[in-house]
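Here's the structure, in C-alpha cells; my notes come after.
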Amino acid sequence: MKVIIKATKGFGRILRFIIFWCMILLSILLFYSIKWMLHTWNNLKMSELMYQLKAPIAGTNKDMIVDFVNNCVVKSCVMFTIIVIFYLLLIRNKKRVVRNVTAFLSMVLIVYSVGIVWYRLDISTYIRNECTYSKFVDNNYVNPKSVTLEFPDKKRNLVYIFLESMEVTYSQKEEGGAFEQGCIPELASLAKENICFSSDSEKINGGFSMPYTTWTVAGMFAQMSGLPLKTQFGQNDMESQTKFFPKVITLGDILKENGYNQVLLLGSAAQFGGRKQLFRQHGDYSIHDLYYEREVGNIPQDYNEFWGYEDEKLFEFAKAELMELSSHEEPFSLVFLTADTHFEDGYVCRKCNKEFGENQYANVMRCSSRQVSDFIVWIQNQDFFENTTVILAGDHPTMDSNFCDNIDEKYTRRVYTTIINPISGLDVTGREYSTFDNFPTVLAAMGIKIEGNQLGLGVNLFSDKETLVEKYGNEYVERELYKRSELLDDLYGIDWIEWYVSKIKIETMRSDVNEQFFTVSVGEVLKEKTNMDFMFCRVFTREDYSDGKEFMLEKGENGKYVADIDMSLFDNGYFYIDSYLVTKDGTRYYIGRNEMKADED
287 MKVIIKATKG FGRILRFIIF WCMILLSILL FYSIKWMLHT WNNLKMSELM YQLKAPIAGT
347 NKDMIVDFVN NCVVKSCVMF TIIVIFYLLL IRNKKRVVRN VTAFLSMVLI VYSVGIVWYR
407 LDISTYIRNE CTYSKFVDNN YVNPKSVTLE FPDKKRNLVY IFLESMEVTY SQKEEGGAFE
467 QGCIPELASL AKENICFSSD SEKINGGFSM PYTTWTVAGM FAQMSGLPLK TQFGQNDMES
527 QTKFFPKVIT LGDILKENGY NQVLLLGSAA QFGGRKQLFR QHGDYSIHDL YYEREVGNIP
587 QDYNEFWGYE DEKLFEFAKA ELMELSSHEE PFSLVFLTAD THFEDGYVCR KCNKEFGENQ
647 YANVMRCSSR QVSDFIVWIQ NQDFFENTTV ILAGDHPTMD SNFCDNIDEK YTRRVYTTII
707 NPISGLDVTG REYSTFDNFP TVLAAMGIKI EGNQLGLGVN LFSDKETLVE KYGNEYVERE
767 LYKRSELLDD LYGIDWIEWY VSKIKIETMR SDVNEQFFTV SVGEVLKEKT NMDFMFCRVF
827 TREDYSDGKE FMLEKGENGK YVADIDMSLF DNGYFYIDSY LVTKDGTRYY IGRNEMKADE
887 D
C-alpha cells in the first residue's frame with residue numbers, strides 16, 4: 287500500500303512539474319504571438335480576426351508563417367531557456383519562493399496579454415454588437431430578385447481588376463491623398479482622366495470600406511453583392527459549407543444568367559478565404575488560380591513566390607485570357623486580383639525600382655501603379671475595348687502594419703475606385719459612397735438600366751439617389767453594420783446539418799481480430815442536430831469507382847459508428863473510403879474521405 291501511495295505521489299509531482307513548465311512556455315508564446323499579431327495587423331478588427339481564425343491555412347503566404355516562427359516560436363524558446371537557467375541557479379536556496387514567483391509572473395504575463403488584446407480589439411463592443419440586432423440592413427436591402435434589369439441590345443464586356451490593398455491615400459495631398467509624395471501617380475492620373483465620382487477634377491475620390499468588408503474575400507463580396515460578409519458563426523466557417531450565401535444574387539449571377547462567359551484569375555490559391563466558393567457558386571466562373579497555371583504548364587509545378595506568383599505574370603496571363611474570351615461571340619467578364627501589394631511590405635519583383643529608397647511598400651505600390659497603367663494602355667489598343675468597361679478597385683484598405691502611421695489622423699482613408707470606358711451618356715457627379723455602391727454602379731456603367739437604381743445596400747452612383755453614406759452618415763452606417771441582422775442571418779443560408787457533419791471525424795484502422803479486415807470508425811453524431819437516419823461508407827480501390835462497394839455503419843459501444851471492411855473483396859491494395867450521412871428526408875451529406883494501404887500496420 288505504501289508503495290502505491292509513494293508511486294502516486296511521485297506521479298503527481300511529475301504531473302505538476304510538467305504543467306508548471308508548460309504554463310510558463312505557453313504564457314511566453316502567448317505574449318510574443320499577441321505582440322506579433324498586433325504589429326502585423328496594426329488596424330486589426332475583431333471581426334477580421336474571427337474570420338481569419340476560421341479560414342483555412344491553404345494559400346497563406348509562406349513568408350508570414352516563417353515570420354511568425356521567427357518572431358514568436360524562436361523567441362519564446364530562447365526566453366524559456368533563459369528562464370529555466372535562472373530558475374535552476376536560484377532554486378537551490380529558495381525553492382518554494384522561486385517557484386511561486388515564477389508561476390505568478392507567468393500568470394501576470396497571460397493576464398497582461400489578454401488585457402492588451404481585449405483593449406486593442408475592443409472585444410467588449412464586439413460582444414455587445416453580436417448580441418444586438420439592428421433593422422438597418424433589413425430596411426435598406428434591395429433584393430436583386432425583385433428588381434427589373436434591362437440590358438442593352440449589345441451587351442458590354444467587363445474587366446474587373448481588384449487591386450490588392452489599394453487606397454486613394456497613397457496619392458499626394460494635392461490629388462486627395464495623404465502623402466507629400468504620392469506613390470501611385472499613374473493610378474491617380476487614370477482616376478482623374480476617367481470616372482472616380484470626385485467633385486474636384488484635380489482630386490481623386492474613392493469608396494469607404496465598411497465593417498465586414500476589410501479583408502480580401504469580404505471586399506470582393508461587398509462589391510459584387512452590396513453586402514457585408516457577416517455570418518451567424520461569430521464570423522465565418524466557410525470551409526464547413528459547400529454554399530456561399532446561396533440566397534444572395536451577385537454581379538456574377540446576373541451576368542451568368544444573361545449569357546456571359548466568366549473567368550476568375552488569381553495569382554494565389556483560390557480556396558484561400560472562400561474565394562473559390564464565392565465565384566464558382568455565383569456566376570459559375572472558370573477558376574484560373576495558382577494551381578491552374580501549374581496544371582496547364584504556364585509556371586513550374588513547384589513555383590511559389592510571395593502569395594503564389596507575381597503580378598508581372600498575372601498581367602500577361604490576363605492578356606492571354608482576354609484574347610481567348612474576346613474570340614468568342616458571347617459577352618465576357620474577366621475578374622482578376624493583384625497580390626504584389628499585399629501586406630507585409632509587398633513583393634519586390636524585377637520591375638520594381640527604388641524611387642522611395644528603403645521604403646519597400648511604397649516602391650511596390652509605385653511598381654504596381656506602373657504595371658496597371660501599362661495594362662490599361664494595352665487593353666485600350668485591343669479591338670474588343672470599344673465594347674468593354676474596365677473597373678479598377680481596391681479590395682480593402684491596407685493591413686500593412688506601419689505604412690499609414692504618419693498620416694494626419696483627420697484624414698479619411700478610402701478605397702481606390704475608377705471606371706474606364708463606361709457606356710456613354712451617364713451623369714457623373716461628386717459622391718460620398720461605400721464599396722457596396724460598386725455593385726449597381728458597375729452594371730449601370732455597362733449600360734444596364736436598374737429599376738429603382740439600388741441593389742443590395744448599394745446605389746447606382748450615376749443616378750440622383752442618395753447612397754446610405756450620404757443619407758445617414760458614415761459613422762452611423764458603420765455602427766449599425768457591426769450589429770446583427772435577421773436578414774443577413776437568413777441570406778447566409780447556413781445548413782446547420784452540413785456544419786455539424788463537417789465536424790465529424792473519421793478513422794480507419796487494421797482490425798486486431800483478422801488481418802483481412804480493417805475498420806472504419808466515424809465519431810459520435812448528434813442525431814437530434816443532424817436528423818440522421820443512417821450512415822454508410824463507400825469503399826473502392828479503382829479510380830473509376832468500378833469496384834465500389836457500400837457498407838452500413840453501425841453504432842458501437844463507445845458511441846462511434848463503425849464498419850468492418852473485408853479487404854479480400856477488392857483486387858487492389860490501396861483503399862479509398864468515402865463516408866456519408868443520410869437524413870430522414872433522404873438528403874445525403876458527404877462526411878469526408880480516408881485512404882489506407884493494405885500493408886499498413
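Per the working numbering, numbering of the sequence shown is gapless, rising by one per residue and ending at 887. Think of the CB as a built atom: it goes at the ideal place given N, C-alpha and C, for glycine as much as any other residue. The structure displayed is predicted, hence computed values, not measured ones.
Simplified DSSP assignment, three categories, for residue i
{"i": "residue 581", "result": "helix"}
{"i": "residue 873", "result": "coil"}
{"i": "residue 559", "result": "helix"}
{"i": "residue 495", "result": "coil"}
{"i": "residue 867", "result": "strand"}
{"i": "residue 573", "result": "strand"}
{"i": "residue 618", "result": "strand"}
{"i": "residue 467", "result": "coil"}
{"i": "residue 858", "result": "coil"}
{"i": "residue 636", "result": "coil"}
{"i": "residue 819", "result": "strand"}
{"i": "residue 228", "result": "In the structure as shown, the chain starts at 287 and stops at 887, and residue 228 therefore has no counterpart that could be examined."}
{"i": "residue 433", "result": "coil"}
{"i": "residue 587", "result": "coil"}
{"i": "residue 811", "result": "coil"}
{"i": "residue 505", "result": "helix"}
{"i": "residue 446", "result": "strand"}
{"i": "residue 624", "result": "coil"}
{"i": "residue 880", "result": "strand"}
{"i": "residue 825", "result": "strand"}
{"i": "residue 594", "result": "strand"}
{"i": "residue 674", "result": "strand"}
{"i": "residue 419", "result": "strand"}
{"i": "residue 306", "result": "helix"}
Start-to-end residues for the beta strand (DSSP E) that takes in residue i
{"i": "residue 805", "result": "803 to 808"}
{"i": "residue 515", "result": "No beta strand (DSSP E) holds residue 515; DSSP gives it neither H nor E."}
{"i": "residue 547", "result": "547 to 552"}
{"i": "residue 836", "result": "835 to 841"}
Distance between beta carbons of residue j and residue i, contact taken as under 8 Å
{"i": "residue 891", "j": "residue 853", "result": "The chain is shown from 287 up to 887; residue 891 falls before or after that span and cannot be answered."}
{"i": "residue 650", "j": "residue 634", "result": "6 Å"}
{"i": "residue 567", "j": "residue 530", "result": "5 Å"}
{"i": "residue 681", "j": "residue 505", "result": "4 Å"}
{"i": "residue 363", "j": "residue 318", "result": "Not really, about 10 Å apart at Cβ, beyond 8 Å."}
{"i": "residue 496", "j": "residue 720", "result": "5 Å"}
{"i": "residue 748", "j": "residue 773", "result": "Actually they are not in contact, since the Cβ atoms of residue 748 and residue 773 sit about 26 Å apart, beyond 8 Å."}
{"i": "residue 512", "j": "residue 315", "result": "At roughly 42 Å, the Cβ-Cβ gap does not stay under 8 Å, so residue 512 and residue 315 are not in contact."}
{"i": "residue 877", "j": "residue 736", "result": "Wrong, their Cβ atoms sit about 43 Å apart, outside the cutoff."}
{"i": "residue 863", "j": "residue 794", "result": "6 Å"}
{"i": "residue 745", "j": "residue 726", "result": "6 Å"}
{"i": "residue 709", "j": "residue 442", "result": "7 Å"}
{"i": "residue 430", "j": "residue 535", "result": "4 Å"}
Start-to-end residues for the alpha helix (DSSP H) that takes in residue i
{"i": "residue 539", "result": "537 to 543"}
{"i": "residue 647", "result": "646 to 666"}
{"i": "residue 450", "result": "Residue 450 -> no alpha helix (DSSP H), and no H or E assigned at all."}
{"i": "residue 609", "result": "597 to 611"}
{"i": "residue 847", "result": "No alpha helix (DSSP H) contains residue 847, which is instead part of the beta strand (DSSP E) from 847 to 852."}
{"i": "residue 488", "result": "First-last for residue 488: undefined, no H or E at that position."}
{"i": "residue 423", "result": "422 to 426"}
{"i": "residue 776", "result": "772 to 778"}
Below-8 Å beta-carbon distance, residue i vs any chain B residue
{"i": "residue 592", "result": "No chain B appears in this structure, which consists of one protein chain only."}
beta-carbon residue i near the ligand PLP non-hydrogen atom, thresh 7 Å
{"i": "residue 450", "result": "You won't find the ligand PLP in this model; it holds no ligand whatsoever."}
**Report entry** Segment contact, 8 Å Cβ cut-off, at least three pairs: the stretch 757 to 776 with the stretch 418 to 433
**Finding:** Yes, the stretch 757 to 776 is in contact with the stretch 418 to 433.
Report task. Kindly provide the ranges of any beta strand (DSSP E) runs that are 3 or more residues long and lie completely inside the stretch 676 to 759, ordered along the chain. Result -> As far as the stretch 676 to 759 is concerned, its whole beta strand (DSSP E) runs of at least 3 residues are 701 to 706.
Query raised in the report: Should the stretch 571 to 587 be regarded as contacting the stretch 647 to 660, the criterion being three or more beta carbon pairs within less than 8 Å?
Result: By the Cβ rule, the stretch 571 to 587 does not count as touching the stretch 647 to 660, because fewer than three pairs are nearer than 8 Å.
Query - Validate contact between the stretch 693 to 705 and the stretch 479 to 493 using beta carbons, cut 8 Å, 3 pairs - result: Yes: the two stretches touch, three or more of their Cβ pairs being nearer than 8 Å.
Query - Cβ contact (3+ pairs, closer than 8 Å) linking the stretch 608 to 626 and the stretch 685 to 698 - result: Contact check between the stretch 608 to 626 and the stretch 685 to 698: fewer than three CB pairs, one atom from each, fall below 8 Å, which does not count as touching.
Requested in this report: Inspect the CB distances between the stretch 456 to 471 and the stretch 546 to 561 and report whether three or more fall short of 8 Å.
Outcome: No, they do not touch.
Query raised in the report: With contact counted as at least three CB pairs below 8 Å, one residue from each stretch, are the stretch 744 to 752 and the stretch 439 to 453 in contact?
Result: With a cut-off of 8 Å, the stretch 439 to 453 and the stretch 744 to 752 do not count as touching, because too few Cβ pairs lie within range.
Query raised in the report: Counting pairs of Cβ atoms below 8 Å between the stretch 532 to 545 and the stretch 610 to 619, do you hit three or more?
Result: Because the criterion of three Cβ pairs below 8 Å is met, the stretch 532 to 545 and the stretch 610 to 619 touch.
Query raised in the report: Between the stretch 437 to 446 and the stretch 728 to 744, are three or more C-beta pairs nearer than 8 Å?
Result: Yes, the stretch 437 to 446 is in contact with the stretch 728 to 744.
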